[in-house]
Amino acid sequence: LDLSENSLKAPDVKQLLDLVESPDYNLQTLWLEHVGDL
62 LDLSENSLKA PDVKQLLDLV ESPDYNLQTL WLEHVGDL
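Numbering (the working numbering), first residue to last: 62 to 99.
The following block contains the structure:
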């Protein structure tokens, strides 16, 4: 999942982390370059 160059805010990242920590979700690679001020 490539989210580079997206303007993410802290609530967006929290929601994403909740998703990827779910046992039903299988994420192998996450790119978060230049995503804004967190």
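Beta carbons are placed, not taken as given, at the ideal position from N, Cα and C, and that holds for glycine.
It should be emphasised that the depicted structure is a prediction, and the values quoted were computed from it without experimental measurement.
Check, Outcome
"Give the range of the alpha helix (DSSP H) segment to which Leu85 is assigned.", "What sits at residue 85 in the sequence shown is Asp, not Leu. Careful: Asp85 lies outside any alpha helix (DSSP H) and carries neither H nor E."
"Rounded to whole angstroms, what's the CA-CA distance from Leu77 to Val96? Just pull it up for me.", "13 Å"
"Does the distance from the C-beta atom of Leu88 to that of Ser65 stay below 9 Å?", "no"
"Within the same chain, show all residues whose beta-carbon is closer than 7 Å to that of Leu80, passing over the 5 residues directly before and after it, in chain order.", "Tyr86"
"What's the gap between the Cα of Leu91 and the Cα of Lys75?", "14 Å"
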